[in-house]
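Read in order, the letters of the sequence shown are residues 5 to 183 in the working numbering. Ideal placement from N, C-alpha and C gives every residue a C-beta, glycine not left out. Because the structure is a prediction, the values reported are computed rather than measured. The structure appears below as structure tokens.
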Amino acid sequence: MMFIGPLMIEHRLIERMIQVMKVLLADIETAKRVDPVQVDKIIHFIRSYADRCHHGKEEEILFRALSGKPLSPEDRRITAELVEDHKLGRKITASLLEANERYKRGDTVALSAIADGFRSLVEFYPRHIEKEDKHFFMPVMGYFSPEEKEAMIREGYEADSRLLQEEFAEVVKSLERGK
Ligand SMILES: [Fe+2]
Ligand SMILES: [Fe+2]
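See below:
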């Protein structure tokens, strides 16, 4: 298994969540309402899995390792673009979260902001994933030796297990705070 194998498998799960969002978006348009708990579940997935776990491994392991390599201008350009994409993804998710909080407080106008957030994510993720799967992951693997690739795989697994511990420590902490 190459380092990019698990990243590509994670892309497939994110794509399934994108399909869930598309269905929810259609429901919002017909019913003119949404279940904020459902929205929270999706936000949790995007923040914890797609961003913290998946983008986290891309940025802290792959992009970081690439920063020490003599990248071609094209690979350098795509890397910088992917970093910006991740920032945009975070921004969209933050506004979706904010809109959902307003909606929970009874602000029905926030429904259109929730729909906008989903529309943006549904548009954003497939484009971003395609860029990585088809134009980035394979070419950049050429910069690494077999040993470096092995080390990245190990780092990826360590990052996953660390996140799992952190995630549940946060669950306990938030319950201790009474949230
Ligand atoms: Fe990415
Ligand atoms: Fe990715």
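Cα-Cα separation between residue i and residue j, rounded to whole angstroms
i	j	result
F7	G160	8 Å
G9	E162	16 Å
P150	M5	12 Å
R124	P130	At residue 124 the sequence reads Ser, which differs from the Arg that was named. Near 11 Å, if we compare the C-alpha coordinates of P130 and S124.
S52	A30	25 Å
R166	L17	20 Å
F49	E127	17 Å
F67	I13	18 Å
R27	K36	Looking at the sequence provided, one finds Val at residue 27 rather than Arg. Rounded to whole angstroms, V27 to K36 spans 14 Å at the Cα level.
Reduced DSSP secondary structure (H/G/I, E/B, other) of residue i
i	result
L185	In this structure the chain extends from 5 to 183, so residue 185 is not present and cannot be described.
V126	helix
S116	helix
V176	helix
G60	helix
Y107	helix
Y161	helix
Y213	The question about residue 213 has no answer here: the residues shown for the chain are numbered 5 through 183.
R51	helix
D2	This structure does not reach residue 2, given that the chain is present from 5 up to 183, and the question cannot be answered.
Under 8 Å between C-beta atoms of residue i and residue j
i	j	result
A98	I118	no
G121	L100	yes
I47	L115	no
H15	I133	yes
H139	I65	no
L4	E62	Nothing about residue 4 can be read from this structure; the chain reaches only from 5 to 183.
D89	V144	no
E147	P40	Sequence check: residue 147 is Tyr here, not Glu. The answer is no: Cβ separation not under 8 Å.
A69	E152	yes
C57	D164	yes
- Taking 6 Å as the limit, tell me which residues put their C-beta closer than that to any heavy atom of ligand 1, in chain order. H59, E62, L86, H90, H132 and E136
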